[in-house]
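A.B. asks: Quick note: this note's numbering has the sequence shown finishing at residue 638, numbered continuously throughout. Where is the CB? At the ideal position from N, CA and C, for every residue including glycine. Keep in mind the model is a prediction, meaning the values are calculated, not measured. Let me give you the structure first, and then I'll get to my questions.
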Amino acid sequence: MAQEYRRAYAQATENPSQFWLQAAEKLEWERMPSIAVDESRAPLYSWFPDGELNLSANALDRHVAAGRGDQAALIYDSAMLGTSTTYTYSQLLQQVAVFAGVLRERGVQAGDRVLIYLPMIPQAAIAMLACARIGAVHSVVFGGFAPKELAARITDCAPVAVVTASGGIEPARRIEYLPAVAEALELAQPEVRDVIVAHREGFEHGTCEYDGQSFNGHRVAWHDWDRLAAHAEPADPVPVPSTHPLYVLYTSGTTGTPKGVVRDTGGYGTALQFSMNAVYDVHEGDVMFTASDVGWVVGHSYIVYGPLIAGAATVLYEGKPVGTPDAGVFGRIIQEHKVTTMFTAPTALRAVRKADPGGGLLTGHDLSTLRALFVAGERLDPDTYHFAVSLLGVPVVDNWWQTETGWPIASNPLGLEQLPAKAGSPTTPVPGFDVQIRDVLGEAVPAGGEGNIVVKLPLPPGALTTLWGNDQRFIDTYLSQIPGYYLTGDSGFIDEDGYLFVMGRTDDVINVAGHRLSTGAMEQVLASHSAVAECAVIGLADELKGQRAAGFVVLKSGVQITEEQLRAEIVAMVREHIGPVADFRQVQVVAALPKTRSGKILRKTMRQIADGQDYVVPSTIEDASVIEALLPVLRPEA
Numbered sequence: 001m002a003q004e005y006r007r008a009y010a011q012a013t014e015n016p017s018q019f020w021l022q023a024a025e026k027l028e029w030e031r032m033p034s035i036a037v038d039e040s041r042a043p044l045y046s047w048f049p050d051g052e053l054n055l056s057a058n059a060l061d062r063h064v065a066a067g068r069g070d071q072a073a074l075i076y077d078s079a080m081l082g083t084s085t086t087y088t089y090s091q092l093l094q095q096v097a098v099f100a101g102v103l104r105e106r107g108v109q110a111g112d113r114v115l116i117y118l119p120m121i122p123q124a125a126i127a128m129l130a131c132a133r134i135g136a137v138h139s140v141v142f143g144g145f146a147p148k149e150l151a152a153r154i155t156d157c158a159p160v161a162v163v164t165a166s167g168g169i170e171p172a173r174r175i176e177y178l179p180a181v182a183e184a185l186e187l188a189q190p191e192v193r194d195v196i197v198a199h200r201e202g203f204e205h206g207t208c209e210y211d212g213q214s215f216n217g218h219r220v221a222w223h224d225w226d227r228l229a230a231h232a233e234p235a236d237p238v239p240v241p242s243t244h245p246l247y248v249l250y251t252s253g254t255t256g257t258p259k260g261v262v263r264d265t266g267g268y269g270t271a272l273q274f275s276m277n278a279v280y281d282v283h284e285g286d287v288m289f290t291a292s293d294v295g296w297v298v299g300h301s302y303i304v305y306g307p308l309i310a311g312a313a314t315v316l317y318e319g320k321p322v323g324t325p326d327a328g329v330f331g332r333i334i335q336e337h338k339v340t341t342m343f344t345a346p347t348a349l350r351a352v353r354k355a356d357p358g359g360g361l362l363t364g365h366d367l368s369t370l371r372a373l374f375v376a377g378e379r380l381d382p383d384t385y386h387f388a389v390s391l392l393g394v395p396v397v398d399n400w401w402q403t404e405t406g407w408p409i410a411s412n413p414l415g416l417e418q419l420p421a422k423a424g425s426p427t428t429p430v431p432g433f434d435v436q437i438r439d440v441l442g443e444a445v446p447a448g449g450e451g452n453i454v455v456k457l458p459l460p461p462g463a464l465t466t467l468w469g470n471d472q473r474f475i476d477t478y479l480s481q482i483p484g485y486y487l488t489g490d491s492g493f494i495d496e497d498g499y500l501f502v503m504g505r506t507d508d509v510i511n512v513a514g515h516r517l518s519t520g521a522m523e524q525v526l527a528s529h530s531a532v533a534e535c536a537v538i539g540l541a542d543e544l545k546g547q548r549a550a551g552f553v554v555l556k557s558g559v560q561i562t563e564e565q566l567r568a569e570i571v572a573m574v575r576e577h578i579g580p581v582a583d584f585r586q587v588q589v590v591a592a593l594p595k596t597r598s599g600k601i602l603r604k605t606m607r608q609i610a611d612g613q614d615y616v617v618p619s620t621i622e623d624a625s626v627i628e629a630l631l632p633v634l635r636p637e638a
């Protein structure tokens with residue numbers, strides 16, 4: 001059983017140099033590497049230090065050269081506009097080469113940073129690939145981020161140019177981007193030279209009202225994307241060292257200062273080619289639909305770079321899982337674009353289930369091309385897992401990873417072989433990730449015992465190489481607690497079969513009267529109640545017991561149950577499955593849970609509010625009004 005997977009995992013663990021040099025051969029290199037990993041600066045490692053390549057050429061040029069220029073590469077599906085546009089590999093290559101020429105003519109050179117602040121439109125992917133084409137380092141910021149957060153990222157990575165659009169379209173509103181960019185430029189420290197704007201119809205602000213103005217004491221040139229592109233000469237790909245930064249992607253820092261995750265070029269390209277084939281089982285001519293945003297790591301890896309490196313078509317979707325127009329929109333996209341592999345967040349599945357508990361709107365479409373659904377971004381609870389399996393009738397694969405790792409740490413490797421699934425587990429570690437469970441002293445935890453999830457160094461290709469401009473912060477944050485290991489910040493266990501179970505962030509383990517309990521395990525019980533669409537369990541301060549568990553649930557549409565009955569049933573379920581030791585008594589129904597735009601529930605913020613602590617609403621929040629609505633529930637005395 002699992003012979004192909006075990007063989008690959010053993011090779012990657014016992015002889016990583018040979019394993020990854022062979023994997024690297026699937027890319028097109030200007031100079032093929034002969035060295036796998038450079039350990040001279042441990043614990044800072046680098047992959048393929050003597051190799052040179054261009055990732056834009058690997059995503060586009062090599063497929064056109066191989067005769068696949070007429071194959072679909074990028075499918076832009078906008079539920080907001082009711083339109084769909086397909087770019088072939090030849091067409092996308094032309095667009096990318098021209099915009100790379102625009103950047104080059106504006107003086108952007110290899111190593112310069114370019115900040116990309118765009119909605120889910122084709123220009124987002126084009127700008128990223130154009131930066132890669134000339135060796136510029138892109139930093140994508142989720143479209144619609146507040147000016148203060150945008151300014152913090154500009155200050156940290158010091159871009160020479162900002163690429164943006166007139167605005168983004170939400171179901172109930174239009175978000176003007178240019179005033180936000182102007183305010184950010186006024187707040188930021190470095191001198192940005194150029195702002196390049198992709199014009200969209202229906203927005204009030206245009207480039208002309210800002211061009212020539214002074215921002216933070218210096219002038220910025222504002223340009224219209226189309227006008228610059230009309231006169232630009234297409235740029236050829238520039239080979240760069242494998243270790244050259246491809247992008248900086250910011251993730252939240254515990255100090256409030258964003259952490260700029262640095263991704264290299266050759267290691268990342270190798271990891272994406274490997275994962276597309278071995279994990280997602282996506283190959284040339286397939287169609288991958290990743291319902292995420294290019295502002296997140298999932299969008300970088302599996303909307304833009306991964307599918308194109310693999311020679312597949314990628315669906316770039318501008319819309320929501322529900323409400324644009326209904327909970328069946330994913331089914332429409334699968335049917336219209338003949339999607340073979342889909343990737344989304346558990347939150348999206350819960351939203352679909354809440355709006356359409358039977359799933360009829362989705363299954364009313366022809367889903368016959370779909371081979372698998374991959375889910376990541378938040379823990380996939382068993383109830384949501386079973387809902388998706390029964391609805392789609394294809395493998396539903398929970399894969400677990402982080403912004404820092406760039407690709408899955410654990411997943412069912414469908415491209416190697418399909419392993420038996422276990423609800424609540426992202427299956428087994430992916431080849432290349434030596435995952436272990438360690439206690440706070442760094443000692444190994446026996447099978448089935450919960451502890452810190454760590455990965456033995458060096459991390460495989462594709463993982464972060466450092467934090468932008470701050471090696472020491474990278475070491476202090478991730479590598480110093482247990483020497484020789486990368487600390488994921490998550491807790492969990494590995495069972496007797498080698499399956500990993502991720503129970504939540506380390507600080508989501510609560511202490512009730514001396515008993516350490518996982519809020520993730522409690523959430524699993526709450527989510528199994530037939531009336532519950534989604535839930536969160538947090539630990540609140542308690543004078544007697546240290547902490548007590550409190551549950552917050554969102555009900556499915558149309559459910560008829562009193563809060564008292566629901567509370568009694570859930571308390572009894574927790575007592576049965578977790579035990580009386582949990583002392584679980586508090587259940588409250590809420591209209592919605594606060595989440596980031598990528599689908600993570602803001603449990604820490606909820607806990608801080610309830611405990612009367614100072615709190616800062618993260619800039620990544622999807623809807624700040626949800627926090628306001630929860631205040632009377634979390635802090636009733638206020």
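Run through DSSP, which three-state label would GLN71 get?
C.D. replies: Note: GLN71 maps to coil in three-state DSSP.
A.B. asks: Where do the N-terminal and C-terminal ends of the beta strand (DSSP E) with ALA591 fall, by residue?
C.D. replies: Careful: ALA591 lies outside any beta strand (DSSP E) and carries neither H nor E.
A.B. asks: Please identify the residue among GLY359, LEU349 and GLY360 whose C-alpha is closest to the C-alpha of LEU373.
C.D. replies: LEU349
A.B. asks: Are ILE334 and HIS365 closer than 9 Å when you measure CB to CB?
C.D. replies: yes
A.B. asks: Grouping DSSP H, G and I as helix and E and B as strand, with all else coil, what is GLN565?
C.D. replies: helix
A.B. asks: In the structure shown, what three-state DSSP assignment does ASN452 receive?
C.D. replies: Residue state, collapsed to three classes: strand.
A.B. asks: Classify GLY331 as helix, strand or coil using the three-state DSSP reduction.
C.D. replies: helix
A.B. asks: Determine the burial state of SER34: buried for a count of at least 16 other Cβ atoms within 10 Å of its Cβ, exposed for fewer.
C.D. replies: exposed
A.B. asks: Residues bridged to VAL396 by DSSP?
C.D. replies: Answer is LEU373.
A.B. asks: Is the beta carbon of LEU316 sitting closer than 9 Å to the one on ALA125?
C.D. replies: Cβ distance < 9 Å, so LEU316 and ALA125 count as in contact.
A.B. asks: Measuring alpha carbon to alpha carbon, tell me which of ASP264, ARG332, LEU53 and ALA59 ends up nearest THR83.
C.D. replies: THR83 has its Cα closest to that of ARG332, out of ASP264, ARG332, LEU53 and ALA59.
A.B. asks: Would you say the region 101-120 touches the region 132-140, given that touching needs at least three Cβ pairs under 8 Å?
C.D. replies: yes
A.B. asks: Per DSSP, what are the beta-bridge partners of PRO241 in this structure?
C.D. replies: GLU52
A.B. asks: Return the residue from the list LEU362, ARG379 and GLN608 that minimises the CA-CA distance to GLY393.
C.D. replies: LEU362
A.B. asks: Across which residues does DSSP place ILE116 in a beta bridge pair?
C.D. replies: VAL140 and VAL163
A.B. asks: Using 9 Å as the threshold, is the C-beta distance between MET288 and PHE343 below it?
C.D. replies: yes
A.B. asks: Give me the Cβ distance between VAL37 and TRP29, rounded to the nearest whole Å; I'm assuming they're in contact under 8 Å.
C.D. replies: Between TRP29 and VAL37 the Cβ distance is about 16 Å, and since that is not below 8 Å, they are no contact.
A.B. asks: If you pair each beta-carbon of the region 193-207 with each one of the region 164-176, do three or more pairs fall below 8 Å?
C.D. replies: yes
A.B. asks: Exposed or buried, what is GLU564 when buried is set at 16 or more other beta-carbons lying within 10 Å of its beta-carbon?
C.D. replies: exposed
A.B. asks: For VAL553, which option in ALA536, PHE493 and LEU602 has the closest C-alpha, if you only look at C-alpha atoms?
C.D. replies: ALA536
A.B. asks: CB-CB under 8 Å to GLY69, same chain, minus the five flanking residues each way: which ones, in chain order?
C.D. replies: HIS63, THR88, TYR89, SER90 and LEU93
A.B. asks: Return the chain-ordered list of same chain residues with a C-beta closer than 7 Å to the C-beta of ILE175, the five sequence neighbours on each side being excluded.
C.D. replies: GLY144, GLY167 and GLY168
A.B. asks: For GLY489 and GLU450, which I take to be in contact (beta-carbon distance under 8 Å), what is that distance rounded to the nearest angstrom?
C.D. replies: Contact flag wrong, Cβ pair sits at about 14 Å.
A.B. asks: Should the region 460-473 be regarded as contacting the region 396-414, the criterion being three or more beta carbon pairs within less than 8 Å?
C.D. replies: yes
A.B. asks: Cβ atoms of THR519 and GLY539: under 9 Å apart, would you say?
C.D. replies: yes
A.B. asks: From what residue to what residue does the alpha helix (DSSP H) around LEU349 run?
C.D. replies: 346-355
A.B. asks: If you count every other CB in all the chains shown that lies within 10 Å of the CB of PRO346, and 16 or more means buried, which is it?
C.D. replies: buried
A.B. asks: The beta strand (DSSP E) spanning ALA541 covers which residue range?
C.D. replies: 532-542 is the span of the beta strand (DSSP E), which, as asked, contains ALA541.
A.B. asks: Select from LEU370, ARG353, GLU417 and ARG371 the residue whose C-alpha is nearest the C-alpha of HIS386.
C.D. replies: Checked all of LEU370, ARG353, GLU417 and ARG371; the closest Cα to HIS386 is ARG353.
A.B. asks: Considering MET288, what are the terminal residues of the beta strand (DSSP E) in which it resides?
C.D. replies: 287-290
A.B. asks: Given this structure, state the Cα-to-Cα distance separating ALA151 from GLY67, to the nearest angstrom.
C.D. replies: Going by the C-alpha atoms only, they are around 44 Å apart.
A.B. asks: What are the boundary residues of the alpha helix (DSSP H) that includes ASP156?
C.D. replies: 147-157
A.B. asks: Count the C-beta pairs between the region 101-110 and the region 229-236 that are closer than 8 Å, then say yes if the count reaches three, no if not.
C.D. replies: yes
A.B. asks: So the beta strand (DSSP E) SER40 belongs to, where does it begin and stop?
C.D. replies: 37-41
A.B. asks: Quick check on this structure: which residue in SER411, TYR76, LEU228 and ALA521 has the alpha carbon closest to the alpha carbon of ILE303?
C.D. replies: TYR76
A.B. asks: In its own chain, which residues sit with a C-beta less than 8 Å from the C-beta of THR85, not counting the 5 before and 5 after it?
C.D. replies: Once the five neighbours on either side are set aside, the close Cβ partners of THR85 are ILE75, TYR76 and PRO122.
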